[in-house]
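Only one structure is covered here, and it is reproduced in the block below.
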Amino acid sequence: MNKWLNREQSLLARNAMNKYGAGRTPFVFLIDFLSEKPIVIPIAECAAHRLFFIFPESQVLPGKQEPLPEFGKFHFKPISERTYKRAFKAVKADMESGNTYLANLTFSTRVLTNLSPEVLLGHVSSRYQVQFEDLFFCFSPETFITIKDGLIRSCPMKGTIDADIPNAEALLRSNPKEKAEHNTITDLIRNDLNIIASGVHVSRPRYIEEVNTSGRKLLQMSSEISGYLPKGWHSELGNIIYKMLPAGSISGAPKEKTVEIILQTEQHRRGYYTGIFGVYDGNQVDSCVLIRFLEQNPKGFFHYKSGGGITINSKMEDEYNELIQKIYVPLV
0 MNKWLNREQS LLARNAMNKY GAGRTPFVFL IDFLSEKPIV IPIAECAAHR LFFIFPESQV
60 LPGKQEPLPE FGKFHFKPIS ERTYKRAFKA VKADMESGNT YLANLTFSTR VLTNLSPEVL
120 LGHVSSRYQV QFEDLFFCFS PETFITIKDG LIRSCPMKGT IDADIPNAEA LLRSNPKEKA
180 EHNTITDLIR NDLNIIASGV HVSRPRYIEE VNTSGRKLLQ MSSEISGYLP KGWHSELGNI
240 IYKMLPAGSI SGAPKEKTVE IILQTEQHRR GYYTGIFGVY DGNQVDSCVL IRFLEQNPKG
300 FFHYKSGGGI TINSKMEDEY NELIQKIYVP LV
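Sequential numbering of the sequence shown, starting at 0, is according to numbering that gives the first Met the number 0.
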């Protein structure tokens, strides 16, 4: 287990997941970036915890869903380029010293909106939707892991480009920085899976998906890495998940040192952002990485958290623009 995860809370969550899995009890798991406040509960208790979700094959919805406001408002002022540059240079300095070769750098952006977490559920276009109390709403396109019939799959997402750019897909595939970043994460996830599975291989390399944003579209590149879990994996579910945390696509490589750099450099606490949420139905698992993330603090202020991967070949202006590009809500 990564040394930056909260040891006591991680042990409690891991044991609960193992217990529910051994009993084939359907449950959900919500684990924040550092596993400081993990939640593992039977699916039947989701409503009582105000934890709702919409997944491709399962959902738990509130008894009454809030309607969208007649006129949705979503305005933001991004962090200054100067602020971003300072953090970017700090990460690059660590790369030049050989401490990391891929780091995911993220920021919080203040948002003025009337689209609260309770309102957004069911009203956005996304593979995964998760709402927890009035604390956050996440509409993630990224699968963390799935398990079906003993086959475990992970689909790290690295590489983004505006779909309206001419020859966007070809440019994304041929970009040396994006290719290096994607290959690094693919290798990291493959190594993670090798700890818990056999026959690990890249089953679907560098495929492109279109993601709808507010008023435009992005192309994002992913790879699928697969392997086979041993018999009896249900009772080891917590151990399996925790051996892969934090998720490689939102931390970096080498993972442990890069998380240390992230904690030293970033100017916000990630909390549940870049954690994971998953569903076990008694037979199989589906889960997502908590990116595309709108958070409401106790004072009622909204912040949108976003970021991207930095490599030695990254250009500050490009990474700054990508961070801004990812601030959106894809209403339907």
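A virtual CB, placed ideally from N, CA and C, is assigned to each residue, including glycine.
Problem set entry | residue 49 versus residue 326: straight-line alpha-carbon distance, rounded | 25 Å
For this session: Look up residue 256 in the DSSP assignment and give the residues it is bridged to.
Result: According to DSSP, which records beta bridges pairwise, residue 256 is partnered with nothing at all.
Problem set entry | Extent of the continuous beta strand (DSSP E) to which residue 285 belongs | 284-288
Problem set entry | Environment of residue 193 [buried if 16+ CB atoms lie within 10 Å] | exposed
Problem set entry | residue 264 beta carbon less than 7 Å from that of residue 86 | yes
Problem set entry | Residue of 202, 312, 318, 191 minimising C-alpha distance to residue 255 | 191
Exercise. Looking at the unbroken alpha helix (DSSP H) that takes in residue 181, where does it start and where does it end?
Worked result: 175-195
Problem set entry | Every unbroken beta strand (DSSP E) within the segment 102-173, with a cutoff of 3 residues, ordered by chain | 127-131, 135-139, 142-147, 150-153, 156-161
Exercise. In the structure shown, what three-state DSSP assignment does residue 39 receive?
Worked result: strand
For this session: Pick helix, strand or coil for residue 247, following the three-state DSSP scheme.
Result: helix
Exercise. Smallest Cα separation from residue 279: which of 6, 251, 11, 18?
Worked result: 18
Exercise. Based on the DSSP output, what are the partners of residue 203 in its beta bridges?
Worked result: 223
Exercise. Applying the criterion that 16 or more other CB atoms from any shown protein chain within 10 Å of the CB defines a buried residue, is residue 141 buried or exposed?
Worked result: buried
Problem set entry | Cut-off 7 Å between Cβ atoms - residues of its own chain near residue 234, not counting five sequence neighbours on either side | 17, 20, 21
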